[in-house]
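Residue numbers (the numbering used here): 11 to 240.
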Amino acid sequence: MQFTASDMFDYVDSSGSLNSVKAVSNSFQFRLTGLLAAPNQASLRSLRNTTYNGCDAAQKASILEAAQKADQYVNQARTYFQVNGAPTIESQLLLSVSNFQRNQFTKWFGAFDKDRFNLVASHFEKIALQGPKSSYDCKTCHKPDVFAYVFASDPSQTIYLCPRYWKSPLAGVNSRAGTLVHENSHFKVNGGTEDYEYGVNNCTALAQEPPEAAVMNADNHEYFLIDETC
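Here you go:
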């Protein structure tokens, strides 16, 4: 008995609607074209017992919204690394995210290198696991030009939110969601990134020289996630 492989796949998008995607293939790899829904952690965020210090109801709601968007970004990044690092056809068929291209890594982390690729992938895996454990402080920081800060070895994983954070958009460059991922990457349990450079131009330059610094720079991780808006 012979079977003919189908090149059409049904999937459920982030709105819950059923759609179809077409698999594009050659002799070496398959790639699904179309946007699949990333694993959804939003419901987990809304149920968990988050610790807040000095945050009013509106701030808590804003933090939750940003945390949910950050989860979406991180899960899309995990999908990117699973697909682009997958050695088998079967694993490459599992998921694909249309706004992540294979040159995404090169732009923000330099020429492909297996060790650097795996290191960055591990950072996002750790952030996905540890991010929901973060605590938030809304009253300590009063510096007008600062988004947020953390203490890398803090066991409570507290993110101190500053005035500029509250003035930022939800998503995109220098956003609230991006800031939460940026700060989470600083925690030692998530990889312990540094602040070698800030800003889109400086970070793309860092990826070229030296890429070893780019894979440990927090802004490079943040901009990698929201590259479609850069």
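Even for Gly, the Cβ is constructed at its ideal location relative to N, Cα and C. If you're wondering where the values come from, they're calculated on a predicted model, not measured in any experiment.
Exposure of residue i, with buried meaning 16 or more beta-carbon neighbours within 10 Å
i: A158; result: buried
i: F122; result: exposed
i: S163; result: exposed
i: N59; result: exposed
i: G201; result: buried
i: E207; result: buried
i: D81; result: buried
i: A228; result: buried
8 Å Cβ shell around residue i - same chain, five flanking residues per side excluded
i: L180; result: E75, A76, K79, R186, A187
Chain-order list of residues whose beta-carbon lies under 7 Å from that of residue i (same chain, five-residue window excluded)
i: R88; result: F134, E135, A138
Close beta carbons around residue i, own chain, < 6 Å, minus the five adjacent residues each side
i: N230; result: W118, C213, A224
i: V160; result: I169, E193, H196
i: V140; result: This sequence places Gln at residue 140; Val is not what is there. Same-chain partners within the cutoff: V199, N200.
Segment limits, alpha helix (DSSP H) that includes residue i
i: I73; result: 67 to 94
i: G182; result: It is not in any alpha helix (DSSP H) - G182 carries neither H nor E in the DSSP assignment.
i: D267; result: Outside the displayed range of the chain (11 to 240) lies residue 267, so it cannot be described from this structure.
i: T60; result: Run containing T60: none; DSSP gives neither H nor E here.
i: P220; result: Counting along the chain, P220 falls outside any alpha helix (DSSP H), and DSSP gives it neither H nor E.
For residue j and residue i, believed in contact at Cβ under 8 Å, the rounded distance
i: C148; j: Q69; result: 5 Å
i: P220; j: R126; result: Not quite, the Cβ-Cβ distance comes to about 11 Å (not below 8 Å), so this is no contact.
i: C1; j: V156; result: The question about residue 1 has no answer here: the residues shown for the chain are numbered 11 through 240.
i: S145; j: T203; result: That belief does not hold up - the Cβ atoms of S145 and T203 are roughly 19 Å apart, past 8 Å.
i: G120; j: A217; result: 5 Å
Scan the region 115 to 180 and note each continuous alpha helix (DSSP H) run of 4 residues or more that stays entirely inside, going in chain order.
124 to 140, 173 to 176
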